Structure formats: structure tokens, C-alpha cells
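In this note's numbering, the protein residues as written are 11 to 655. Report on the structure given below.
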Amino acid sequence: MISALALTLLGGAHAYTMGSQRVSSAAPLRAAASIRMQATMVAAEVREDIRNIAIVAHVDHGKTTLVDAMLESASTLSSSRIGKDERVMDSNDQERERGITILAKNAALEYDGIKVNIVDTPGHADFGGEVERVLNMVDGVLLLVDAAEGPKPQTRFVLKKALALGLTVLVVVNKIDKPAARPAYVIDKTFDLFCELGASDEQTDFPIVYTSAINRIAGEEPDAMGSDMSAIFKKIKELPKPRADIEGSLQLQISNIAADSFIGRLGIGRIRSGTLLKNSQIGLSAGPGTPIKKVKVTELFTFDAMGRKSVESASAGDIVTFAGVQEFNIGDTLVDLVDPRPLDPIKVEMPTMSITFGVNKSPFAGRAGKMLTSRNIRDRLQKELEVNVALRVEDTEDGDTVLVSGRGLLHLTVLIESMRREGFELMVGCPQVIKKEIDGVICEPFELVDIELPEEYSGSAISLLNERKGNMLEMTTPTAEGSVTIQYEVPARGMNGVKSKLLSATRGLAVMSSTFAGYKPFAGEFGGRTRGNLLSFETGIATPFALTKVQERGALFSSPGDEVYEDQIVGIHAKENDLKVNVCKAKQLTNMRSAGADEKASTTPPMQLTLEDAVEYIVPGEFVEVTPAAIRMGKFPKESRFAKK
11 MISALALTLL GGAHAYTMGS QRVSSAAPLR AAASIRMQAT MVAAEVREDI RNIAIVAHVD
71 HGKTTLVDAM LESASTLSSS RIGKDERVMD SNDQERERGI TILAKNAALE YDGIKVNIVD
131 TPGHADFGGE VERVLNMVDG VLLLVDAAEG PKPQTRFVLK KALALGLTVL VVVNKIDKPA
191 ARPAYVIDKT FDLFCELGAS DEQTDFPIVY TSAINRIAGE EPDAMGSDMS AIFKKIKELP
251 KPRADIEGSL QLQISNIAAD SFIGRLGIGR IRSGTLLKNS QIGLSAGPGT PIKKVKVTEL
311 FTFDAMGRKS VESASAGDIV TFAGVQEFNI GDTLVDLVDP RPLDPIKVEM PTMSITFGVN
371 KSPFAGRAGK MLTSRNIRDR LQKELEVNVA LRVEDTEDGD TVLVSGRGLL HLTVLIESMR
431 REGFELMVGC PQVIKKEIDG VICEPFELVD IELPEEYSGS AISLLNERKG NMLEMTTPTA
491 EGSVTIQYEV PARGMNGVKS KLLSATRGLA VMSSTFAGYK PFAGEFGGRT RGNLLSFETG
551 IATPFALTKV QERGALFSSP GDEVYEDQIV GIHAKENDLK VNVCKAKQLT NMRSAGADEK
611 ASTTPPMQLT LEDAVEYIVP GEFVEVTPAA IRMGKFPKES RFAKK
């Protein structure tokens with residue numbers, strides 16, 4: 011079947027109508043390309059044997075566990091390979107440690123003669139760049155919602171993206187086995203969220219399935235659960251089938267990048283139309299109106315469970331991995347050399363926060379890391395730009411420093427942690443939000459903050475967020491367990507340090523999540539950090555004797571035996587000013603005191619400092635030193651150009 015777009019391009023100066031839009035064949039190719047997908051979709055056939063779906067959800071609602079359960083239930087992986095608490099899709103070390111999905115991943119399973127291509131997407135808004143590009147590969151979405159908690163801020167983020175693309179959504183109410191499960195309430199809140207996000211009538215009439223992914227069971231009613239996951243597979247079969255113009259001109263947009271130590275750089279994407287053959291000569295384009303580069307695909311794979319399966323050809327509707335093309339970027343299109351029809355590049359939201367990455371210049375520089383120079387750092391960041399579409403890297407006045415911008419603090423600190431584990435040493439500056447001028451008004455990024463905590467601590471949380479120019483949107487009534495949920499809109503710059511203060515104020519019982527809420531007018535200045543630092547007076551080794559005396563001045567970050575240097579931040583002062591303290595002073599020994607007497611000194615265990623905590627804590631004029639062996643904070647000398655930044 012020939013698409014309307016193809017007929018127009020072949021039919022001289024005739025015109026055709028697509029919806030309410032009339033396009034002439036004499037118009038530039040870019041104008042025709044802007045509706046190319048609609049034209050192809052109208053004429054294309056559907057593939058009965060494939061379903062392409064993405065799984066989206068808020069952090070920790072069981073998304074990756076559900077994928078594991080589906081793979082096991084379809085006999086793709088044996089149950090002996092997957093434990094209840096394991097997450098085979100979270101293969102990255104940081105994903106397993108943090109309990110979140112950072113990188114989008116692909117898997118596939120066979121059920122009742124249908125191949126289901128699954129894309130596991132991140133739930134955190136900081137990794138929205140991953141979500142935005144992979145949603146282009148699918149026709150349907152499984153929206154996972156906790157049976158007790160209901161929709162959360164990051165549910166809003168990913169759902170908004172899916173609805174904007176016109177995708178059909180299957181609502182999966184997970185963790186139905188929880189004693190506090192309230193499925194009717196959760197469905198009502200989900201419906202309200204659909205309406206709030208402007209879903210169409212067809213989208214609001216969403217199908218529902220109930221699951222307990224960790225127990226590998228699903229059902230169409232909360233009180234009629236099956237003995238396996240077959241109920242969810244039946245619902246997936248009813249999701250839209252991929253429209254596929256197999257006879258058309260080749261279109262494959264690259265949505266993800268991978269690497270193989272044997273065959274090199276790999277591209278991942280969905281074939282929109284046509285057929286891709288192994289060892290075939292094709293074209294590569296960055297978008298409509300750009301030059302076509304001749305390339306050759308040497309290897310072609312489809313997804314098979316958690317791995318890849320080599321194939322000789324793949325057709326429209328398939329999600330494939332290819333090798334042999336070395337120089338390409340996410341958003342580029344593989345096209346037919348005879349009839350090239352490149353797709354528009356993938357657009358993602360711009361960064362909202364920036365941090366300076368620089369060469370480590372502390373007194374302990376070079377002791378633990380192998381990658382030390384600015385060239386090492388720049389090369390690594392350029393490599394990251396190839397796969398991280400939401401990241402931006404800019405040069406600064408200082409040749410040893412670059413400005414790195416991302417979607418949020420977690421987005422940037424995950425990158426820093428990856429570099430630290432790879433042997434890099436960095437000096438990281440204070441995070442700064444990126445302001446914009448919109449219609450002549452200075453605007454700044456805001457975050458939608460959702461906090462669940464015991465009712466008796468709600469006053470502390472409200473006071474904390476009000477001090478940072480927050481605006482309360484909603485506060486629920488107390489549940490049977492005595493917890494309330496409050497929702498705030500807060501300037502992104504005001505969120506630095508909130509998590510640690512909130513946990514301290516609520517004795518660790520608060521659960522906070524946030525997502526990007528857009529740019530709004532500048533909220534004005536507000537008070538920053540209210541306490542100063544305890545700074546090391548000299549370079550040396552911290553002793554129990556000295557720390558016992560210093561801990562009376564405030565809370566400590568350093569332990570006995572830690573190496574410290576001058577102006578390193580070793581603790582938080584109880585007062586507003588900075589105070590230099592000697593944490594290296596040793597107890598003077600006499601014939602009345604033995605050498606081991608110092609070991610009896612009683613010191614309070616120091617605060618555990620994570621990378622996120624350190625980056626949130628510092629203010630302009632301070633830095634975080636990141637090495638494979640340690641994370642330290644320090645203060646720039648007053649004469650340094652960074653001291654006032």
C-alpha cells in the first residue's frame with residue numbers, strides 16, 4: 011500500500027489534504043516531513059504479531075519488579091534465575107544500590123504467539139530525557155500505580171508525556187496485596203489525574219488490571235486475583251497493534267545507544283516503515299533538509315528476553331539493535347538511499363540546573379584517582395553527551411573547569427558518581443538553577459514536591475517549605491495510620507538541603523519526592539543556610555582527643571583517623587559564622603599517661619555524608635572534592651576567582 015505522502019511526492023504539482031491541513035507537493039520537503047508520520051499511519055497496515063509497550067511509574071512503585079514477573083511468567087526466564095527481591099532489569103550498580111531505574115532498557119517476551127517488546131523507563135523526573143525518547147518507540151503504556159499510595163508527582167510527569175504522544179494507557183494497580191491497599195480510591199485519583207492532564211475521552215476510558223508483581227499474580231478485579239500473570243497479558247494483547255508500512259521507504263529513528271566490546275557502537279530504535287536488511291547500504295540523516303551520509307549495517311539484532319538475537323532482516327514495527335554505523339547521534343534517522351525520508355530530531359526539555367566540574371586542586375589531589383586532567387574530564391563528558399540527550403556541557407573562563415547542566419540534582423550527581431567509580435577526581439561547585447526570560451519576565455524552575463509524613467510533624471515540614479517561598483497546593487486528611495500528604499510548589503533553588511532537614515525534623519519518617527513543575531516568575535530572595543562551618547585549622551590526621559573537644563562546637567563530618575587539610579569542612583558550626591578548629595591536635599603524653607590513653611576519648615559518630623548531601627550542603631565559595639576513595643567538602647581561598655561564585 012502506498013502512503014498519501016508517497017503519492018504526493020510522486021504526483022507532480024498535485025496537492026492532498028491531511029485532516030484540516032492542505033499541503034502542496036511544491037512545498038519544501040521539510041513541510042511534507044512534518045506530517046509524514048500521520049500520512050504513513052493512515053495508509054500503513056498493522057502487525058498482529060507484535061506489541062510495543064513502555065512501563066512508566068513513580069519511583070519505587072514496583073515497575074522493574076513487574077517486568078521481572080512478566081519475563082518469568084512467559085517462561086522467558088526460569089524462576090530460579092529471579093528471586094522475589096531481585097531486579098534483573100536494573101543491571102547498573104547505582105540502580106541496584108539506589109533502588110531506582112536510571113537508564114531505559116529493552117526486553118522482549120513471547121506470549122500466545124505475540125512478541126511483546128518492553129521498555130523499562132526511569133521513574134524519576136531527573137531522567138526525563140530517557141523517558142521522552144523511548145516513548146517514541148512504543149504504541150501503548152503500562153502506567154503502574156501503587157495500590158495504597160495512588161498517583162504521585164513523577165506519575166504525573168511520565169503520564170503527561172505519554173498522553174501528549176496520543177498513546178493508549180493500561181493502568182496497572184500494583185501491590186494489591188498490601189494491607190493498606192485502597193484500589194477504588196487509587197482508580198478515582200488516577201482518573202482525576204488523566205482529566206487534569208487533558209486526556210481525550212478515549213484515553214480516560216482506560217483499561218485496568220490489578221497485580222502483585224512480587225508474588226507473580228494478576229487479576230481483572232482486586233478481589234479476584236488469578237494464580238499467575240495471565241490477566242495482564244490479556245490486557246496487553248488489547249493494546250494498539252503497531253502500524254507498519256512494510257513496503258514503504260525505510261525509516262528508523264535512533265532512540266538509544268549501547269556499546270559492545272566486540273562489535274563496537276550500537277544503535278537502538280524502532281523501524282517506522284520499510285525493511286532493514288543486514289549488510290545493506292543505507293543512508294543516515296540528522297533530520298529533514300540535512301545531508302544524507304552513506305552507511306552500512308553489519309549486524310542486526312532483535313530483543314530476546316534480556317539479550318539479543320541476530321537476524322538477517324527486520325520490518326516496520328520491530329524494535330532493533332544495529333551495528334556497523336560508527337558516527338551517529340540519538341535522534342538521527344536511518345533512511346533509504348533511493349527515497350530518503352528522515353524524521354524530525356527528538357526534542358527533550360532543556361536543563362534546569364548547572365554545576366561546575368573542575369580539576370581537583372586540593373592538597374590531596376592525585377592520591378586516589380587515575381583520571382586527573384581537564385582533558386580527561388572533557389573527553390568523558392563528550393562521551394556522556396552521546397547517550398545523555400538532556401545534558402549540556404559548556405566551557406568557562408577557566409580552562410580547568412566546565413559548566414555541566416542537567417535536569418536536576420540527581421541527574422548530575424549520578425553522572426558524578428559514575429565518574430568517581432571510573433577513577434576520576436573532580437572538584438564540584440555549588441549547584442545553580444538556570445533562569446529564563448519569558449515574555450519579558452525573569453522566571454526560574456519550580457518543583458512539585460510531595461511529602462508523606464506523620465501528622466504531628468506536618469507543622470515542621472510546612473514551616474520549612476514556607477521559608478523557601480513554597481506554595482501549598484494540597485493537604486490530605488490523616489489516614490487511619492495517622493499520616494498526611496502535603497503537596498507544595500517550591501522554587502528549585504530552595505530545595506537544596508530540604509531533604510536532610512526534613513528527615514531530621516521528622517525523625518526519618520518523611521517520604522519526599524519531587525518533579526519539575528515548569529518555569530514560573532522569580533519568587534524573590536529567601537534565607538539560605540543558617541549555620542556556619544567548622545573548618546580544619548591545619549593539614550593532618552584527625553585525632554579522637556581533638557574531635558572530642560570540637561564536637562562541643564557543632565556536628566561533625568570527620569571521624570578519628572581521617573586525613574584532613576586546611577580549610578576542609580569538617581563539621582557544621584552551632585552558630586552562623588565559620589570557625590577554624592584544630593582536629594589534628596594530639597594529647598600530650600607524660601610519664602603519668604600511657605600512649606593508649608588517647609584511645610579512650612569518647613567521640614560521637616559523625617554524620618554520614620553522601621554525594622547528594624554534600625552537593626546540596628555547599629553554598630557559593632565552597633566545593634565538593636570527589637575522589638574514588640573519599641568525598642570531602644572545602645572552602646575556596648578568599649583570593650580565588652570561585653570564592654564569590
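The C-beta atom is built at its ideal place from N, Cα and C for all residues, glycine as well. Quantities reported herein were computed from a predicted structural model and do not represent experimental measurements.
* So what does DSSP say about Lys380, is it helix, strand or coil? -> As a working note, residue 380 is residue 370 in the sequence shown. Three-state DSSP puts Lys380 in coil, outside helix and strand.
* Ignoring anything shorter than 3 residues or poking outside the region 160-247, list the beta strand (DSSP E) runs there in chain order. => 178-184, 218-222, 227-229
* **Distance between Val412 and Glu55 (C-alpha atoms, nearest Å)** => What you label residue 55 is simply residue 45 of the sequence shown in a count that begins at 1. What you label residue 412 is simply residue 402 of the sequence shown in a count that begins at 1. Glu55 and Val412: Cα-Cα distance of roughly 49 Å.
* Asked: Are there 16 or more other CB atoms within 10 angstroms of the CB of Gly439, so buried, or fewer, so exposed?
  -> In the sequence shown, the residue the question calls residue 439 occupies position 429. Looking at its Cβ environment, which holds 16 or more other Cβ atoms inside 10 Å, Gly439 is buried.
* **Whether Asp342 touches Ile264 by CB criterion (9 Å)** => Taking the first residue of the sequence shown as position 1, residue 342 is located at position 332. Taking the first residue of the sequence shown as position 1, residue 264 is located at position 254. Yes, these two residues count as a Cβ contact at 9 Å.
* Helix, strand or coil at Asn481 according to DSSP, with G and I counted as helix -> As a first step, residue 481 must be located in the sequence shown, where it is residue number 471. Correct three-state label for Asn481: strand.
* Name the two residues that bound the continuous alpha helix (DSSP H) containing Pro554. => Here residue 554 refers to the residue found at position 544 of the sequence shown. Element bounds for Pro554: 554-560.
* Starting from Asn285 and walking both ways along the beta strand (DSSP E), at which residues does that stretch end? -> One-based indexing of the sequence shown puts residue 285 at position 275. The identity of residue 285 in the sequence shown is Thr, whereas the question assumes Asn. Note, Thr285: beta strand (DSSP E), 285-287.
* Helix, strand or coil for Val424 per DSSP? -> Locating residue 424 in the sequence shown gives position 414, where the first residue counts as 1. In this structure, Val424 counts as helix in the three-state DSSP scheme.
* Of the listed residues Arg402, Val181, Met485, Ile63, nearest to Pro252 (C-alpha basis) -> Translated into the one-based positions of the sequence shown, residue 252 becomes position 242. For the residues Arg402, Val181, Met485, Ile63, the minimum Cα distance to Pro252 belongs to Ile63.
* Asked: Counting pairs of beta carbons, one from the region 428-438 and one from the region 625-639, are three or more of them closer than 8 Å?
  -> yes
* Do you know offhand how far Met239's Cα is from Ile365's? -> Walking along the sequence shown from the start, residue 239 turns up at place 229. Walking along the sequence shown from the start, residue 365 turns up at place 355. Spanning the two alpha carbons is a distance of roughly 45 Å.
* Asked: Closest to Leu177 by CA distance: which of Phe646, Ser468, Gln213 is it?
  -> For the purposes of this step, residue 177 is taken as residue 167 along the sequence shown, with counting starting at 1. The option with the nearest alpha carbon to Leu177 is Gln213.
* **Cβ-based neighbour list, Pro373, same chain, cut-off 7 Å, excluding 5 preceding and 5 following** => As a first step, residue 373 must be located in the sequence shown, where it is residue number 363. Cβ neighbours of Pro373 beyond the five flanking positions: Thr549, Tyr575.
* Asked: At least one CB of chain B closer than 9 Å to the CB of Asn587: is that the case?
  -> In the structure shown, chain B does not exist; there is a single protein chain.
* To do: Kindly indicate which residue of Val508, Glu535, Met363, Asn398 has the alpha-carbon position closest to the one of Val144.
  => Counting from one through the sequence shown, the residue named residue 144 turns up at place 134. Looking at the Cα atoms, Asn398 is the closest of the given residues.
* Taking the DSSP output, what are the residues bridged to Val591? -> By one-based count along the sequence shown, residue 591 stands at place 581. Bridge partners of Val591: Ser546.
* To do: Excluding the 5 residues preceding and the 5 following Ser468 in the sequence, name in chain order all residues of the same chain whose CB lies nearer than 7 Å to its CB.
  => Counting from 1 along the sequence shown, the entry for residue 468 is found at position 458. Cβ within range, chain order: Val494, Ile496.
* Indicate whether the contact test is met: 3 or more Cβ pairs, each with one atom in the region 331-346 and one in the region 288-299, closer than 8 Å. => yes
* **Backbone CA spacing between Gly258 and Ser283 [nearest angstrom]** => Looking up residue 258 in the sequence shown gives position 248. Looking up residue 283 in the sequence shown gives position 273. About 6 Å.
* **Three or more C-beta pairs below 8 Å linking the region 322-337 and the region 349-360** => Contact fails: fewer than three Cβ-Cβ distances are below 8 Å.
* Hey, quick one: how far does the alpha helix (DSSP H) through Glu622 stretch, first residue to last? -> Looking up residue 622 in the sequence shown gives position 612. Segment 621-627, the alpha helix (DSSP H) holding Glu622.
* Asked: Would you report the Cα separation of Ala640 and Gly518, rounded to the nearest angstrom?
  -> As a first step, residue 640 is located in the sequence shown; it is residue number 630 there, counting from the start. As a first step, residue 518 is located in the sequence shown; it is residue number 508 there, counting from the start. Rounded to the nearest angstrom, the two C-alpha atoms are 25 Å apart.
* Asked: Using the C-alpha atoms, what's the distance from Met360 back to Lys645?
  -> On the sequence shown, position 635 is the one that residue 645 refers to. On the sequence shown, position 350 is the one that residue 360 refers to. So the alpha carbons of these two residues sit roughly 31 Å apart.
* Pick from Asp198, Phe204, Phe555, Glu159: whose alpha carbon is nearest that of Val179? -> For the purposes of this step, residue 179 is identified with residue 169 of the sequence shown, where counting begins at 1. The shortest Cα separation from Val179 among Asp198, Phe204, Phe555, Glu159 belongs to Phe204.
* Asked: Between the beta-carbon of Gly571 and the beta-carbon of Asn543, is there less than 9 Å?
  -> As a first step, residue 571 is located in the sequence shown; it is residue number 561 there, counting from the start. As a first step, residue 543 is located in the sequence shown; it is residue number 533 there, counting from the start. Contact flag unset, no.
* Look up Leu353 in the DSSP assignment and say whether it is helix, strand or coil. => In the sequence shown, counting from the first residue as 1, residue 353 sits at position 343. Leu353: coil per DSSP, three-state reduction.
* Smallest Cα separation from Gln261: which of Leu249, Val126, Leu287? -> For the purposes of this step, residue 261 is taken as residue 251 along the sequence shown, with counting starting at 1. Of the listed residues, the one whose Cα sits closest to Gln261 is Leu287.
* Should Asp410 be counted as a contact of the ligand ADP given a C-beta to heavy atom distance under 8 Å? -> This structure lacks the ligand ADP, and indeed carries no ligand of any kind.
* To do: Would you kindly work out how many angstroms separate the C-alpha atoms of Arg61 and Ala117, rounded to a whole number?
  => Against the sequence shown, residue 61 aligns to sequence position 51. Against the sequence shown, residue 117 aligns to sequence position 107. Each residue's alpha carbon lies about 12 Å from the other.
* Asked: Excluding five sequence neighbours on each side, which residues of the same chain lie with their C-beta closer than 7 Å to the C-beta of Glu486?
  -> Locating residue 486 in the sequence shown gives position 476, where the first residue counts as 1. The residue you asked about is not Glu; residue 486 is Thr in the sequence shown. Answer for Thr486: Val494, Thr495, listed in chain order.
* Do Tyr498 and Leu512 have their CB atoms nearer than 9 Å? -> For this step, residue 498 is matched to residue 488 along the sequence shown. For this step, residue 512 is matched to residue 502 along the sequence shown. Cβ atoms of Tyr498 and Leu512: not closer than 9 Å.
* To do: Indicate the three-state DSSP secondary structure (helix, strand or coil) for Val77 in the structure shown.
  => As a working note, residue 77 is residue 67 in the sequence shown. Val77 carries a helical assignment under DSSP once its states are collapsed to helix, strand and coil.
* Which one of Pro189, Leu207, Val155 has the shortest CA to CA distance from Lys171? -> Taking the sequence shown and counting its residues from 1, one reaches residue 171 at position 161. Residue Leu207 is the option with its Cα nearest to Lys171.
* So, Val129 versus Glu120, is the Cβ gap smaller than 9 Å? -> Taking the sequence shown and counting its residues from 1, the one referred to as residue 129 is at position 119. Taking the sequence shown and counting its residues from 1, the one referred to as residue 120 is at position 110. No, the Cβ-Cβ distance between Val129 and Glu120 is not below 9 Å.
* Buried or exposed (CB count within 10 angstroms, at least 16 for buried), Ser271 -> Here the question's residue 271 lines up with position 261 in the sequence shown. Burial is judged here by how many other beta carbons sit within 10 angstroms of a residue's own beta carbon; Ser271 has fewer than 16 and is exposed.
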